[in-house]
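What follows is one structure encoded as structure tokens, with my remarks underneath.
Residue numbers (the working numbering): 887 to 992.
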């Protein structure tokens, strides 16, 4: 992950794991400090673990508490979607949806 200027559109790619969680957290926090709405693009993720998912959930909750919004640039797919399914945050295909999975899939 390369250092990028803080914008309202954050792009994360590669391995989104605990190894770079601090960098991801810092970028999200800085963006939410400066903008009322922040969009996360993780379409280039090759690996996702629960630390990334937890950071997004936490940031979304913090944003809402500050009357701000955090959203995904596109519905979860690939490594992110697989991690969400393994965590039980998105139901497997053909099963009833789990609570709040629309955030990840819309």
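Positions of the beta carbon are idealized from the N, C-alpha and C atoms, including for glycine.
Check: Given that a residue counts as buried once 16 or more other Cβ atoms are within 10 Å of its Cβ, and exposed if not, what is residue 924?; Outcome: buried
Check: Fully enclosed by the segment 919 to 962, which alpha helix (DSSP H) runs are 4 residues long or longer?; Outcome: 936 to 951
Check: Residues in the same chain with beta-carbon distance under 8 Å from residue 903, minus the five sequence neighbours each way, listed in chain order, please.; Outcome: 933, 934, 935, 937 and 938
Check: Kindly indicate which three-state DSSP category residue 896 falls into: helix, strand or coil?; Outcome: strand
Check: Between 963, 980 and 969, which has its C-alpha nearest residue 940's C-alpha?; Outcome: 969
Check: At what residues does the alpha helix (DSSP H) containing residue 964 begin and finish?; Outcome: 964 to 973
Check: For residue 901, which of helix, strand or coil comes out of DSSP?; Outcome: strand
Check: What is the DSSP secondary structure of residue 912, counted as helix, strand or coil?; Outcome: helix
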